[in-house]
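Quick notes on the structure that follows.
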Amino acid sequence: MPAKPFALTKRSLAFLTAISSASCASPPPDCAWVKTIHVDPLDRLVRATQEQIVAHNRKVAGFCR
């Protein structure tokens with residue numbers, strides 16, 4: 599006998615709630631998701647890439663004070 603649609607929905611909601619609340623148990627530190635970019639001095643980068651890396655690193659420094 600197939601499951602009732604309402605019962606299946608109820609189970610799905612319970613499952614999603616359990617998964618969602620588990621991710622909130624231990625929040626990561628503020629800057630755990632982002633890092634500065636370090637370039638080897640021997641790497642050759644075009645100017646646009648250098649500017650993008652500098653901009654990224656400045657944003658990280660400003661956000662992770």
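Residues in the sequence shown are numbered consecutively from 599, following the numbering used here.
For every residue, glycine included, the Cβ atom is placed at its ideal position computed from N, Cα and C.
Next on the checklist: Taking only three categories from DSSP, how would you classify L643?
Outcome noted: The residue you call residue 643 lines up with position 45 of the sequence shown. In this structure, L643 counts as coil in the three-state DSSP scheme.
Checklist entry - Relative to the alpha-carbon of R656, which residue among D638, V632, V644 and D641 has its alpha-carbon at the smallest distance? => result Walking along the sequence shown from the start, residue 656 turns up at place 58. Checked all of D638, V632, V644 and D641; the closest Cα to R656 is V632.
Item to check | Cβ distance (whole Å) where T634 is taken to contact V658 below 8 Å | outcome: Here residue 634 corresponds to residue number 36 of the sequence shown, with the count starting at 1. Here residue 658 corresponds to residue number 60 of the sequence shown, with the count starting at 1. The Cβ separation is near 5 Å, so the contact holds.
Next on the checklist: DSSP three-state label for I651, please.
Outcome noted: Residue mapping note: residue 651 aligns to position 53 of the sequence shown, counting from 1. Correct three-state label for I651: helix.
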